[in-house]
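Below: the structure, in structure tokens.
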Amino acid sequence: MNKHHHKSDFFIARLRGSEEVPPVRTNASGFAQFQISSDEKSIRYQLEVNNLRNFTQAHIHIGERGENGPVVVFLFGPVDPSISVTQGVIEGTITKNDLVGPLSGKPLSALIKLIRDGRTYVNAHTVQNPDGEIRGQIKPYQSKIKN
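Note that UniProt numbering gives residue 45 to position 45 of the sequence shown, counting from 1, and the numbers run on in steps of one.
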């Protein structure tokens, strides 16, 4: 086991309708943060959504920017349609037991590699946009860079 710090253990995603494939016109937005544990056995996350009407579920999917791909982790939901969720903060921890779809039964390192390779995104789904209303690519967080 090498003990040196990887490129990044902290990742973020900015969720927008314009990132959906095809793009969705919406005022909703979201922000997700992911922190990989030093032993790489868990990933802590926080997902915040704003103005997201009829929010039903959110996942991590495999996929490059501009491409749709399979769900590999449930971050939120699915919720009962009678519950109205518009905004809020969801927190949790991902372990290998949470992996579904093509990563089901695989170690968490399989997801971590995809995240580090830039091949995952967060997608938040709603009643009116069941394929996703806002999404964002998961990217390394760089605190030094101001754009």
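Positions of the beta carbon are idealized from the N, C-alpha and C atoms, including for glycine.
Close beta carbons around residue i, own chain, < 7 Å, minus the five adjacent residues each side
i      : result
VAL21  : GLY66, GLU67, ASN68
TYR141 : SER8, PHE10, PHE11, ILE12
GLY17  : PRO23, VAL24, ARG25, THR26, ALA28, GLU133, ILE134
LYS41  : THR95, LEU108
Neighbour-count burial assignment, residue i, 16 or more Cβ in a 10 Å radius
i      : result
GLN137 : buried
ARG135 : buried
VAL89  : exposed
GLU133 : buried
For residue i, the nearest candidate out of the options (CA to CA)
i      : options                      : result
THR26  : PHE34, GLN33, ALA32, LEU15   : LEU15
ILE43  : PHE31, HIS125, VAL73         : VAL73
GLU19  : LYS41, GLN46, GLU64, GLU48   : GLU64
ASP98  : HIS59, ASP131, GLY132        : HIS59
THR126 : PRO78, THR93, GLY101         : PRO78
ILE115 : ILE36, GLY17, PHE31, GLY30   : ILE36
LYS113 : GLU133, LYS139, PHE76, GLU48 : LYS139
PHE31  : VAL49, GLY17, GLU40          : VAL49
Nonlocal neighbours in the same chain, by C-beta distance under 6 Å from residue i, ignoring five residues either side
i           : result
ASN51       : ASN27, ALA28
HIS61       : GLY69, VAL71, TYR121, ASN123
ALA110      : LEU103
residue 159 : This structure leaves residue 159 out entirely; the chain is present only between 1 and 147.
GLN33       : ILE12, GLN46
ILE94       : ILE43, VAL73
Whole-Å CB distance - residue i paired with residue j, under 8 Å assumed
i      : j     : result
SER101 : LEU75 : Checking the displayed sequence, the identity of residue 101 turns out to be Gly instead of Ser. So it is not a contact: roughly 14 Å between Cβ atoms.
Below-8 Å beta-carbon distance, residue i vs any chain B residue
i     : result
ASN68 : Of the protein chains in this structure there is only one, and it is not chain B.
Exercise. Does the segment 47 to 55 come close enough to the segment 102 to 114 that 3 or more CB-CB pairs lie under 8 Å?
Worked result: no
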